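Student: Once you've had a glance at the structure underneath, I'll fire off some questions.
In my numbering, the protein residues as written are 3 to 55.
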């Protein structure tokens, strides 16, 4: 019931668990590397230095 409510709240269609697991299994290391390169690109990083005041 919780999954069904989540789909409704987020405006997504209901997908059986087997379908969702198949989509997750289809993700490749190259897919992950592409997303990591986009979100962890040096120009998007902020460096914070903490120390005694």
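Ideal Cβ placement from N, Cα and C applies to all residues, glycine included.
Remember, it's a predicted structure, so these values are computed and weren't measured experimentally.
Where residue 19 and residue 55 are concerned, what is the direct C-alpha to C-alpha distance, given to the nearest angstrom?
Tutor: Using only the alpha carbons, I get a separation of about 52 Å.
Student: State the Cα-Cα distance for the pair residue 13 and residue 7, rounded to the nearest angstrom.
Tutor: If I take the Cα positions, the gap works out to 10 Å.
Student: Just the C-alpha distance for residue 23 and residue 50, rounded to the nearest angstrom, thanks.
Tutor: Answer to the nearest angstrom: the Cα atoms are 38 Å apart.
Student: Alpha carbon to alpha carbon, what distance is there between residue 16 and residue 9?
Tutor: Taking the straight line joining both Cα atoms gives about 6 Å.
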